[in-house]
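Structure record follows, encoded as structure tokens.
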Amino acid sequence: MSVSCCSAHPVTQAHLGAAVGSAGTTVTPAHHAKKAPASEKADTLVVGTISTGNPAAPTAEAMAISGGQIIGIGSLADVEGLTNASTTTVKPEGIVIPGLIEPHMHMWTSLLNLTWTDVSHEACPTFDAVVATIKATAAKTPDGQWVLGKLFDPSLYPGEPDLTRTILDQVSPNNPVMVMNASMHYLYVNSAAMAAADVTDQTMDPPGGNFGRADGKLTGVIGEAPAMMVFAGKLPKPTQADLAAGITEILNECARQGVTSLREAATGTLAGVSELAMLHQMNGAQRLPVRMSTAQFAIMAGKTPDEVAATWKQAGVTPFSGDEMVRADAWKVVTDGSNQGRSGYFLQPYLGEDNGGHANWTPEGLRGAITPGLRDGWQIMVHTNGDAAVEFALTAMEELLPGFGTNDLRHRFEHVSFTTDDQLARMAKAGISPSFLMNHVFYWGAAFRDTILGPERAN
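Basically this note's numbering = 1-based index in the sequence shown + 532.
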């Protein structure tokens, strides 16, 4: 799974069971609940050390819950009056803490590859093992059917090798192959996949994406969502039952990890506007285990950002529509790629190269992608990995924001792996929050230091 607010989250005894143990994690909200009516009694009483997140009363010893809502919190003496003979008492061994918020996750892309073959560095410690695993998968796949892999990460292997078209043709001559990079910014495909997608050496790159080439010939390395979607669109369509099962699996795992709210960072990438309808349908049938805020993706195949905005609006998806469990909140634009894939956009070249990455848009194109979101009243959420990408997006926002009046939506720049003090000051002035994705530093920090950017820039 890729991993990568409002009102009280439903808490069940099963959820509270996750609080027991060394992690001390549970899913209670970070505030006191409403005062319960005198007649309302708790179905669950939690007794232990409870961290409230409230500086005025940082801990409590008891919490009463009814129907998934906190109805009382404080001393045991204060809360016991909300119980009766039917109340179940839970006594966690660890500390009960407020639920965690996952600020950036790609659930729909994760759904797409849940059942794909794992070719991560953990599963395949060498590049040869990656190739052998794909070959073994192809050998047991009927001719003509897709061979699919996930989590390939060349930055963790010596020499940072790519899964080229030539390599994939050799290991799977009779099946189309598609392997997703761990960053989700690249795909690796063979000739059969190119034929299925009708992509040739003469095919033009879509705006914001690229069909990798060397000397005018396709290499099989496909970069960024607009190009990747050309291939993903040729995969067998998952059934609604498959999607629902995958969503349930992912959200249950989030709940097990203590996550109670998440931001889905590119809604619309897998099934378009129907994604939100499906989430509401599932929540109506059985309350979802995690609260979801969605960022509507500004890209749909064959449509301009203005046309995408109109499509969302026609489907009834407007800023902050939905309910406490599934709410549409943001407009998502991607300015560059991944630093570990050397497509993040930097002011200086990558270590030992002339390449400093690239922007996914022209300046005019980026303004055109952001404008529909501002015009319609969305919070703007812009993917910016490299410092040049931050500058690119910041300049666009500084130019556009004055035309849309006072703005208090706390627009966000995502990842912001590399930035400058001046850029941070300008973000603050413009009302933009940098949303740092520290897992990038945790997971790829050594590669940034040793092979991608060098120790001085990675410090």
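Ideal placement from N, C-alpha and C gives every residue a C-beta, glycine not left out.
{"Check": "Straight-line Cα distance separating L688 from V663", "Outcome": "15 Å"}
{"Check": "Close Cβ partners of P904 (< 6 Å) along its chain, the five nearest in sequence each way excluded", "Outcome": "P837, D838 and A841"}
{"Check": "Segments of 3+ residues assigned as beta strand (DSSP E) that fall wholly inside the segment 778-857", "Outcome": "791-799 and 823-829"}
{"Check": "Start and end residues, beta strand (DSSP E) containing R989", "Outcome": "Unbroken run through R989 is the alpha helix (DSSP H), P987 to A990; no beta strand (DSSP E)."}
{"Check": "According to DSSP, residues forming a beta bridge with G755", "Outcome": "Y718 and N742"}
{"Check": "Beta-bridge pairing of S965 - partner residues as DSSP gives them", "Outcome": "R944"}
{"Check": "Q911 and R859 closer than 9 Å at C-beta", "Outcome": "no"}
{"Check": "Euclidean distance between Cα positions of Q702 and T696", "Outcome": "10 Å"}
{"Check": "Closest by C-alpha distance to A777, when choosing among L700, L811 and V753", "Outcome": "L811"}
{"Check": "Pair within 9 Å by beta-carbon distance, G884 and G876", "Outcome": "no"}
{"Check": "Residue of L577, L898, V865 and M832 minimising C-alpha distance to S618", "Outcome": "L577"}
{"Check": "Burial state of A746, where buried means 16 or more other Cβ atoms lie within 10 Å", "Outcome": "exposed"}
{"Check": "For Q880 and T780, the rounded distance between their alpha carbons", "Outcome": "43 Å"}
{"Check": "Beta-carbon spacing of A803, W678 below 9 Å", "Outcome": "no"}
{"Check": "Touching by the beta-carbon criterion (3+ pairs, under 8 Å), the segment 751-758 and the segment 724-742", "Outcome": "yes"}
{"Check": "Presumed contact (8 Å Cβ cut-off) between A962 and M929, rounded CB distance", "Outcome": "6 Å"}
{"Check": "Rounded straight-line distance, which links the Cα of L898 to that of G790", "Outcome": "36 Å"}
{"Check": "Residues near A565 by beta carbon distance below 8 Å, same chain, minus five either side", "Outcome": "Low local confidence applies: a pLDDT of 40 at A565 is under 50, so the model's placement there is unreliable, and no value is given."}
{"Check": "V651, DSSP secondary structure in three states", "Outcome": "coil"}
{"Check": "Three-pair Cβ contact test at 8 Å for the segment 699-714 versus the segment 723-730", "Outcome": "yes"}
{"Check": "Selected residue, minimal CA-CA separation from G631, among K573, F878 and L794", "Outcome": "L794"}
{"Check": "Distance, T792 Cα to T826 Cα", "Outcome": "14 Å"}
{"Check": "Residue burial classification, P987 (beta-carbon count within 10 angstroms, cutoff 16)", "Outcome": "exposed"}
{"Check": "Beta-carbon proximity check, V711 vs K749, cutoff 9 Å", "Outcome": "no"}
{"Check": "H972 (DSSP reduced to helix, strand or coil)", "Outcome": "helix"}
{"Check": "Beta-carbon proximity list for L985, same chain, < 7 Å, skipping 5 on both sides", "Outcome": "Y882 and L883"}
{"Check": "DSSP three-state assignment for S949, whether helix, strand or coil", "Outcome": "coil"}
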